[in-house]
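Working notes, structure below.
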Amino acid sequence: MDADDRYITNWETLKRVVKNYKKGINNKKNIKYAKEAEARGKAAFLKGEYAKADYRGYGDAIAWIPRPEYYFIVGDLNMRSKLSLHTDSPYSTPQYKACWDKYLFALDVEKSVGSLFETGFSLTAELDLSATKNSKIYQQALTNAACFARLTSKYSEGVGPQCVPVEEVKSCLGTPLLFLYH
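For any residue, its number in this note's numbering is found by taking its place in the sequence shown, counting from 1, and adding 194.
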C-alpha cells in the first residue's frame, strides 16, 4: 500500500527499483554509502549478527543502490536469521532445533527467498545485467531458490502437522551469498 492506501503491484515496485538503480549506480555519494553499508553488513555477519547484517548493512545498501546482489544477500541473511532462531537459541527445545513447522517454513521462504530473490532476478533481467547473470552469487541464488521451492513443495503435500528438518534447510543455504559477491 502506498501513502494513499492504494495497492502497489509487484510491477510498480520493480519499476521503482529500476528507477532507483539507474539513479544511484553512477552517483559517487550513493556508491560510497553503499560500500560503507556493505562493510557494516559483512562485519555484523562475521560476528553472527544476521539481523544487524541485514538492516544496518545490506538493507541500507539497497537504499543507496538497489543492486540485485543485495537482494540475494538480504534474502539469504533472512533465512539464516530464522534458522539461527531454531538452532542457536538456548530456549529452543530439541524438537524445535531439529524441525521447522511446514507452514511457518513456507511463509519464511516466501518472505525471505521468494520476494527478495524475485526482485533480484527481475532487476537483473529488466536491466539486462549479463555480468550479474553470469556471476557466482546469481547462480547460487538460483540454486538456493530451487532447493527451497523443492523443500516447500515436498513438505506441504501432507495433511496435518509436519515439519521440515532443519538439516535440510541448512543444506539449501550452503555458502553465505555475501561471500560470493565481488
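Here a beta-carbon is modelled for each residue, glycine too, at the ideal position from N, C-alpha and C.
None of these values were measured; they are calculated from a predicted model.
Its chain contains K330, I331, Q334 as the residues whose beta carbon lies nearer than 7 Å to that of L374, once the 5 sequence neighbours on both sides are disregarded; these appear in chain order. When DSSP states are grouped into helix, strand and coil, D270 belongs to the helix group. For V358, the enclosing beta strand (DSSP E) stretches over residues 357-359.
Contact between I219 and I259 is confirmed by a C-beta separation of about 6 Å, below the 8 Å threshold. Per the coordinates, the alpha-carbon of E361 lies some 34 Å from the alpha-carbon of L323. For D295, the enclosing beta strand (DSSP E) begins and ends at 293-295. Secondary structure at R261: coil, using DSSP grouped into helix, strand and coil. A238 sits close to K246, with the two beta carbons spaced by under 9 Å. Annotation: the continuous alpha helix (DSSP H) that includes Y215 extends over 204-218.
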